[in-house]
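Everything on this sheet refers to the single structure shown next.
Numbering (the numbering used here), first residue to last: 19 to 152.
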């Protein structure tokens, strides 16, 4: 089994968890379950943040899954650097989700995103060097 499968699966679990949270946050509006006494949704403020974060999971992370799939498909030994960067990406995605959903700190969110961005970019750079220049 490839040592990239686990970080890939952890990102899938993060996405699944976000879907669960989004469903729960929408329940008062959609099903009327858990409404405030005045009929409002107690999760009305957080629901758009969860939705936006879930959408973010299908943007830059696509490049993470593609590079991992390519590394696995090549059938060559996967370097510890690639595995480390994969975990940096996944941990960074979890942190990004927490910051985006539970704070309004745009600077911190940008910083955390940059970590994710650089991790995937580095994975692609290492692959490029290995396959094209190496």
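Beta carbons are placed, not taken as given, at the ideal position from N, Cα and C, and that holds for glycine.
- In summary, residue 54 is exposed, with fewer than 16 beta-carbon neighbours lying within 10 Å of its beta-carbon over all protein chains present.
- Taking every protein chain shown into account, the CB of residue 46 has 16 or more other CB atoms within 10 angstroms, so this residue is buried.
- Apart from sequence neighbours up to five positions away, the residues of its chain that approach residue 82 with a beta-carbon distance below 6 Å are 107 and 138, ordered along the chain.
- Here residue 61 carries a coil assignment [DSSP, helix/strand/coil].
- Contact fails between the region 81-98 and the region 116-131, because fewer than three Cβ pairs, one in each stretch, are under 8 Å apart.
- Remark: C-beta atoms of residue 61 and residue 44 approach each other more closely than 9 Å.
- The alpha helix (DSSP H) runs lying completely inside the region 29-89 and spanning 4 residues or more are 65-74, given in chain order.
- Counting other Cβ atoms within 10 Å of its Cβ, residue 95 stays below 16 and is therefore classed as exposed.
- Your pair residue 87 and residue 141 does not check out as a contact, with CB atoms roughly 12 Å apart and the cut at 8 Å.
- In the DSSP annotation of this structure, the continuous segment of the alpha helix (DSSP H) that includes residue 100 starts and ends at 98-120.
- Cβ neighbours of residue 69 within its own chain (closer than 7 Å, five residues either side excluded): 40.
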